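Which chain is which? The protein sequence lines are Y and D, in order. The opening position of the first sequence corresponds to residue 2 in my numbering, with each subsequent residue numbered one higher. The opening position of the second sequence corresponds to residue 89 in my numbering, with each subsequent residue numbered one higher. Heads up, the beta-carbon is just placed ideally off N, CA and C, and yes, glycines get one too. Quick caveat, the model's predicted, so the values are computed rather than measured. Each remark here refers to the structure printed beneath this line.
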Amino acid sequence: MSTRADRIAAAITEALAPTLLRVADDSAMHAGHAGAAPGGQTHYSVLVVSAAFAGTSRVARSRAVHALLDGEFAGGLHALALTLRTPQEHAKLAG
Amino acid sequence: MSNPVFERIQSEIADAPVMLYMKGNAMFPQCGFSARVVQILTHMGVPFKTANVLEDAELRDGIKEFSNWPTIPQLYVKGEFVGGCDIVTEMFQSGELAELMTDKGVPHEAAA
Numbered sequence: 002m003s004t005r006a007d008r009i010a011a012a013i014t015e016a017l018a019p020t021l022l023r024v025a026d027d028s029a030m031h032a033g034h035a036g037a038a039p040g041g042q043t044h045y046s047v048l049v050v051s052a053a054f055a056g057t058s059r060v061a062r063s064r065a066v067h068a069l070l071d072g073e074f075a076g077g078l079h080a081l082a083l084t085l086r087t088p089q090e091h092a093k094l095a096g
Numbered sequence: 089m090s091n092p093v094f095e096r097i098q099s100e101i102a103d104a105p106v107m108l109y110m111k112g113n114a115m116f117p118q119c120g121f122s123a124r125v126v127q128i129l130t131h132m133g134v135p136f137k138t139a140n141v142l143e144d145a146e147l148r149d150g151i152k153e154f155s156n157w158p159t160i161p162q163l164y165v166k167g168e169f170v171g172g173c174d175i176v177t178e179m180f181q182s183g184e185l186a187e188l189m190t191d192k193g194v195p196h197e198a199a200a
C-alpha cells in the first residue's frame, strides 16, 4: 500500500512536472493535536519548483495543488504547508 | 441561492478591514498555523477581527467552500482573500504584506 506522501508526490509529478519536489510527513510533530490521527499521515510540508507556476499568483498556485489533492483532503489529510516556486524564483531564494 | 453561512462570511469580510478565520482566538490560538498568523498581524500592529471555526462546524466547512481553500487559517483584507499561513508568512517576510496593507489603507506600523 502506498503512503499518502507517495500519492501526493505522484499527483504533483504527473500534473506539474516539477524540477524539484520534496514531500515531508510532519505528522509525528503534531501527534495528539486536533486533526492528528493514530496512524499519522495527516500533516505534510511540500516544496514544488515548477515552470507551471510562472505568471500565476500565490493563491492560484496553492489552489492548483489543493485541487490535485482533493481526494487526500477528503481522506484525512489535515494540514499541508506549501512552498511553490518557479525555477527562477527558487534559484534566487535558495541562493 | 442563499446560504446563511456564506451571508455571514460576506458581511464579516465586508465589515472588518482585516478578518481572520482561525482555530481559537487571538489570545488563545488552538493551532500553530493560526498562532503564526496572529503573531504576524500583531507584530505589524494591524487591527484585526477573528472568528473561531472550532466553535461553529457550519462556519468551519462554510469558510472552506466560500474561499475554495481547504485549510484554516484564512486571512481576508478588505474583503479579498489573501491566503493561509504559508502565503501570509511568505508575504510578511518579503515585505509584500505591509505593501498590501498600505495599498488597502489598513493602518500598520512601518517595518523596523
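Beyond the five residues adjoining it in sequence on each side, D/Phe136 comes within less than 6 Å, by CB distance, of Val106, Leu108, Leu129 in the same chain, given in chain order.
Between Y/Ala12 and Y/Leu70 a beta carbon distance of about 6 Å is seen, short of the 8 Å cut, so the two are scored as contacting. Inter-segment contact for the stretch 154–161 of chain D and the stretch 117–124 of chain D is present: three or more beta-carbon pairs are separated by less than 8 Å. With respect to Y/Gly41, Y/Asp26 sits close: the two C-beta atoms are nearer than 8 Å. Nearest Cα to Y/Pro19 within the set Y/Ala10, Y/Thr43, Y/Leu94, Y/Val50: Y/Val50.
The contact set of D/Asn156 on chain Y, defined by CB atoms closer than 7 Å, consists of Arg64 in chain order. The continuous alpha helix (DSSP H) containing D/Lys152 extends over residues 145–155. Between D/Leu147 and D/Val93, the beta carbon gap of about 6 Å places them in contact (Cβ cut-off 8 Å).
For Y/Pro39, the secondary structure class from DSSP, reduced to helix, strand or coil, is coil. With respect to the 8 Å criterion, D/Thr138 and D/Met110 are classified as neighbours on the basis of their beta carbons.
By a beta-carbon distance limit of 8 Å, Y/Phe54 does not contact Y/Thr84. Their separation comes to about 11 Å. Collapsing the DSSP output to three states places Y/Glu90 in a helix. In the three-state reduction of the DSSP assignment, Y/Ala75 falls in the helix class, which pools H, G and I. Taking the beta carbon of Y/Arg59 as reference, the chain D residues within 8 Å of it are Gly171, Ile175, Glu178, Met179, listed in sequence order.
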